[in-house]
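In what follows, a single structure is set out as structure tokens and then discussed.
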Amino acid sequence: MYRLIESTDYPALLARYLQDYDHYSRADPLGDTPLIVPTLPVGNILIQTLASQRGIAAGITLRLWHNYEWMLVERITGKSRSSSQAPLGNTAIRWELFSYLYQHGNTILADPGHPQHALLRGLYPDTDKITHDHTRRLWVYSGQLANLYSTYLNQRPEWLSAWQNADPPPLDALLKNDSLQQLPPQIADHYRALYQQQSRLWHDRFAAIHAERERRRETFWQTLKTRESARRLLPPYIPVFAPTHLHAAEHDFMRRLGNYTDLTHYHLAASDGYIDDIVDSRWLRELKARAAGKPSGEHREHGHELLSRYGKQQRDLSRLLHADSDPEPLPATPAPPHNLLTALQAEIRELKEDHVAACLAATTLPPSLQSGGRTGRGCENRAATNPDHQTPQDHSLRIHGCHSLQRQCETLRSDIVAWLNADPSRRLSDIYIHLPDPAAAQTTLRATFPPGGDYDGNRLPARLIGVTENPAENLWRSLAGRYTLINGRFDAPTVLDWLHNEDTCHSLGINSEHMQRITAALVAAGYRRGYDGAHLQPTLHTEDHDHRYTYTYALNRLIAGVLTPDADHYREAVPQHGLTLADLPALEALATLAENMHTLRALQAENTPAQNWLQHLRATLHDAYTHAHNSPAWQTLDQALDDLQNQLAAHQALAPQNEQHYLPLEFILENIENQLADQQNSSEPSGVITIGSLKNLRNLPGKLHIFLNADHDRYPARQNDERYNLIHLDKPRPGDNNREHEDLGALLDLINRAGDALWLYYNSHHDNEPQPPASPVQELLQYLDDQHERASQHLRASGRLDAGQTLPRHYHTEHPADPFQPDAHETRPAPLWENIRTTLQQNTPTATETSPPPVGEGWGGVRPQTALPNSQLVSPDEPPPSQDALASAAGEGWGGGSDRKTTATVASSTNTSPETLANMPPSTREGGARPHAWLSNSQPAPQKTFLPLHIPPALAADAAPQNPENLTLAQIVRDLQKPASAYARAHHIANTAAQTPPESREPLALYGLDNWQADQHIIAALEQNHPDPATHIARLPAYPGGISGQIQLEQRLATYRARQQTLLDRADLATWPTLREQTLNLGEHSSLTALLPAHSPTWPRLSASRAKPKHHARYWLEHLAWNATGAHGTTLIHYADDTLLRLAPLPAADAQRQLHQWLAVREHLQKNLWLAPLELMQPYLETFTTDKAADKQAALVRDWIHDDSHKNDDGDLWRHLWRGNENILAANIAAALATHAPLLQPLLEHGETLK
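The sequence shown begins at 1 in the UniProt record's numbering and counts up one residue at a time.
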């Protein structure tokens, strides 16, 4: 039996469902019971309520009707017991259309007599051949046609039945009105031509499948009618709870199914009154204005102003349900209205327009006038319940104007805190935040409402539902990247970003640290863009075959560095050294990835069918991503792929031609991504603050409902492109889809379902210009203003309000543009903003002191527990605060946060610990009379130093490191030249400011550091006496590709050959001395390894840099290491500016002693910040031989501090490490140089500049 149970009271309707569930579940308590719901959140609320009230909710399966209907058909007809995907799904139609038109498009365009020629010629008027460049337009058009056919299938099924014939009836015969005759002839003929194209295409491609689908449905009804065994397969009880939209065909199916089982429809009505024939109030006013003075035989009513504007979808649903069924009303006794929200709800429920005005008159009357008489009808007498004769502000219905979505969220957080504090029984789970499009705003939402709740010092945990979660997005990007990267530029930034994805690392079997190392080595080996030569060649000149910057070339260099490290080259790849055994698994993973890319490229070239691609995707997900099998992200993605395969399978099972679909892979992946966005797997309410869309969170019972981003350009949704849709020509029918009506209906449900309060937020300014809210919100505001004026007139007429007095409009407030300014409408600023305001007023001189905004009288009559301290506030007329003051305030106010890894870009912070709901004891959270203590009196903390400055005493002559180490000379030189980086590395401080993103293309010319690095390759080849340096360097990714790089290499090589010969002549050498790896024993299990000359009295050095103190120091350290071996040799350095520096030999004992001292320095700078930079030591010592040495030393230190060009290490890192010590920094550096600069005195004594 089909039953329709109706009520406007959600609790009453829910109680009736629970009663019916108890009745039907007695026979089989653990049996499988379906529950048909409009959205999954509604179903989850029902299950949670059932479990909390009955102790168990077993065997209930949430279903969406459009899937469940076909599942019953399959079950009864014996085809399948589990498939829920009906044939002719939207995706299957789209893929079928695209595959057919793409494969046969050239034939269709070449044949003017083909039935689809006009259709494709309209898309491609200037071409006779569809190429890959044209596929995007065809893909979009196929999607539009698929949407149309899906709409016709649901809303005009009789049209598709008529299109089963090869010669369908004309469009005029199908339309139920004369709208086509009223159009201009050209437009009417255009629609008739569209009709012919659409009907013919449907007949050719889908008529057979549709006929089989309808035969299957007829078999379903015939089987139920004739077989008792089939009827026993139906559930004994099918509840359909609170659908917000039904097609006429769906309603007919439900009613007919009610002949064979008990199907109960629980209808959540918008009003207790009869609304089936109400009309839009605006339309009615316009109609009456046009027909003024004319007699009319029709009587039309709009019911309630807002119901008629918002409730068109509810009206159509009610009309559809009541057409052939009498509802069973549920008795309900609603409480009398006691605030603005309940007054508006009562008006909509009773179809009257008097409660709001009465409530405004009662609750907004100034306190001094309240004792003189009665309050208005429908609201409580607040003066009688308030001994102070003060009426608290009514916060039940508020409309807030802000300057951005971020400001909406920030203001909302403060309002939520006050709302929670006003009543200890309120919980975070009572709060629902609705947006028109949460996916578009998720970046701001996740930032201001993070899962942990920390943002402004108040902890408000929240969860964003109904959109793809970050883990699912990351997993999908990782999986899709395997298929999409090869079709793009395959440039280093894109590929490395994909490789660094955590899911990608896990799928390749390596951790993030190893991936960071191997990708850094890949970039160092020359990777810039392109997978291999074949992939890169289309972007190069036909005669340019330079592929040194591709992924495979760099990978080959790394592999050669492991397999053949001593070879000159391997397959044109010069071995790249530096990898260790620990890097081999990561290297193997990159090699495996290269093989997979090669295989995928071959599959794409073979025109692989779409079904095979889906199988390949699922196989990759199941095989490569086993680490995530139990995660919701993996299950979401697997479910999306499974649904897509089932849709195609259901379509293909009824298709007589059983053709394969051939789609470009990019469109398949795009379709899957859209499927993920539309899934409802993550739409269940979360137990904390729930944020979602108006559609997914519709009709949920909650105490506080909030509507964010109610802007005119975002709400309500506009209708889709109707250029090809023929339904709008027909007479509207109940059940027709209308996106605008759906959004308006969601707002009406929001008003009716709000338990304690409803707040609406919109952007009141755009580009600093005022703007109104969305038109429905503007209509609500106008209605409240009209009722506000009625209340004022009533009070004036009764003598309770003077003619010059006006009632306040508490229901509409506008907030400042930023949280740094005082807001008269906030009860209490969050700790972060309070700290910032305090800091700003301390940093900005004020002419007068101003008092803080008065603390509100509380929410619901409860006063805040803490008073706002008196403080000076910044006047709007004062100059804006400095950036430093603002940054300082933000740093001081960021409290209550979790531990964060220290980086070079992290500002100093202060731990504020406000007492919040999340960190209260459970006993306090869950019960007791104590309100939530959300507000804190955190004060800005003074700036703290990051590191204490420490200057060690001068090193003794026999100083040596305390901890033995086996080092290379390159490590020692690196750490001594860059002490800040050495300290950060030793203490695991990530210097993110010094990291530069990889280049996305090979260099076209060399500048700066790239030029110096290219010259280093020439110097290395000459020092190693390479037989053919030009060919060797040409194989390296050092110089630009093409002829320009070859010319530049030849020129630079000739220059360095000339410099080499000059230096050999000065050194009195015929050939360059051979360099060999030598290990110097430093005692105490310490050693030093370096490439040093063997059997040569002189070590000639070519430098690509100009002569500077930092380079002198480096060569001096290398000279010490060479002489420490007992070589007693001379070093000659020829700089790029033609400076020749000679370093005299010194005894091995002296060299070893000085090396020990430098090793001790290196050990110290890893423990404490070293304040005697190597690049300042020589200039500092040289000032003693000049006049005004003290002034020059001070200038030297000052220039080094303020000018990063004087630093050998990263300036941002220096500033991060010494922050908080700026006032004493120069004095400490000067003291450190005075103490430790003499370590470099031997350089001045043994060094000589030659001419």
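Note that CB positions come from ideal geometry on N, CA and C, so glycine has one too. All values derive from a computational prediction rather than experimental measurement.
Quick check: what's the CA-CA separation for residue i versus residue j?
| i | j | result |
| --- | --- | --- |
| E158 | R477 | 43 Å |
| A717 | P331 | 36 Å |
| P961 | L967 | 12 Å |
| F206 | E588 | 49 Å |
| P922 | R463 | The pLDDT assigned to P922 is 34, lower than 50, so where the model puts this residue is not dependable; a value taken from the coordinates is nonetheless given after this. Computed Cα separation, rounded: 21 Å. |
| L917 | R459 | For L917, the pLDDT reaches just 36, beneath the cut-off of 50, and the residue's location in the model is therefore unreliable, although a value from the coordinates is still provided. Going from the Cα of L917 to the Cα of R459 covers about 7 Å. |
| A1054 | L1069 | 20 Å |
| W894 | H1202 | Residue confidence is low: W894 scores 32 on pLDDT, short of 50, so the model does not pin down where it sits. Its coordinate-derived value is still stated next. Roughly 29 Å separates the two Cα atoms. |
| D133 | L109 | 16 Å |
| R925 | A791 | A caution first: R925 carries a pLDDT of 36, below 50, which makes its placement in the model unreliable, though a value can still be read off. Going from the Cα of R925 to the Cα of A791 covers about 41 Å. |
| Y149 | I727 | 11 Å |
| T342 | L307 | 15 Å |
| E543 | S1044 | 14 Å |
| L479 | L617 | 8 Å |
| L405 | D743 | 20 Å |
| A929 | E410 | Note that A929 scores 37 on pLDDT, short of 50, meaning its location in the model is unreliable and no value can be drawn from it. |
| R355 | R213 | The identity of residue 355 in the sequence shown is His, whereas the question assumes Arg. Looking at the two C-alpha atoms, the distance is approximately 53 Å. |
| N963 | G1083 | 11 Å |
| M597 | R723 | 42 Å |
| F946 | W1218 | 7 Å |
| L194 | L171 | 10 Å |
| G378 | P734 | Because the pLDDT of G378 is 43, which lies under 50, any placement of that residue in the model is unreliable, and the question is left without a value. |
| Y152 | A12 | 37 Å |
Between residue i and the rest of its own chain, which residues show a CB-CB distance below 7 Å, the 5 nearest in sequence each way excluded?
| i | result |
| --- | --- |
| P1097 | G1129 and T1130 |
| Q1166 | A982, Y983 and A986 |
| D756 | S396, K703 and L704 |
| R94 | S142, G143 and A146 |
| V688 | L428, S429, P461, A462 and R463 |
| P1238 | none |
| G799 | none |
With distances taken from CA atoms, which of the options is nearest residue i?
| i | options | result |
| --- | --- | --- |
| I518 | G466, T539, E543 and L584 | L584 |
| L50 | A27, G702, Y17 and H1236 | Y17 |
| K312 | T550, Q182, P115 and L747 | L747 |
| L694 | N44, I751 and L726 | I751 |
| T1089 | W1099, Q1078 and L1082 | Q1078 |
| T669 | A1151, A633, L700 and G481 | Note on identity: in this sequence residue 669 is Leu, with Thr being the wrong assignment. Of the listed residues, the one whose Cα sits closest to L669 is G481. |
| L1063 | L1102, L1091 and Y432 | L1102 |
| G578 | H547, A525, R601 and Y24 | A525 |
Once the 5 residues before and after residue i are set aside, which same chain residues still bring their CB inside 6 Å of it?
| i | result |
| --- | --- |
| P38 | P243 and T244 |
| T33 | G59 and I60 |
| N339 | D394 and S396 |
| P952 | H1164 |
| A1121 | L969 and A1090 |
| P168 | A162 and S199 |
Identify every residue that forms a DSSP beta bridge with residue i.
| i | result |
| --- | --- |
| E328 | I5 |
| N763 | C402 |
| Q1078 | A1090 |
| E769 | H766 |
| L1140 | H1134 and L1250 |
Can you list, in chain order, the residues of its chain with a C-beta nearer than 8 Å to that of residue i? Leave out the 5 residues immediately preceding and following it.
| i | result |
| --- | --- |
| H545 | G533 and Q537 |
| H569 | A560, P575, H1032 and R1035 |
Where in the region 13 to 38 do unbroken runs of the beta strand (DSSP E), each at least 3 residues long, occur, reported from the N-terminal end onward?
33 to 36
Mind pulling the beta strand (DSSP E) runs of 3 or more residues that sit fully within the region 670 to 734?
689 to 693 and 702 to 707
In chain order, which beta strand (DSSP E) runs of at least 3 residues are fully inside the region 1090 to 1135?
1098 to 1102 and 1130 to 1134
Kindly provide the ranges of any alpha helix (DSSP H) runs that are 4 or more residues long and lie completely inside the region 43 to 99, ordered along the chain.
As far as the region 43 to 99 is concerned, its whole alpha helix (DSSP H) runs of at least 4 residues are 65 to 77.
Report the residue ranges of all alpha helix (DSSP H) runs contained in full by the region 1193 to 1230; include only those spanning at least 4 residues, in chain order.
1211 to 1218
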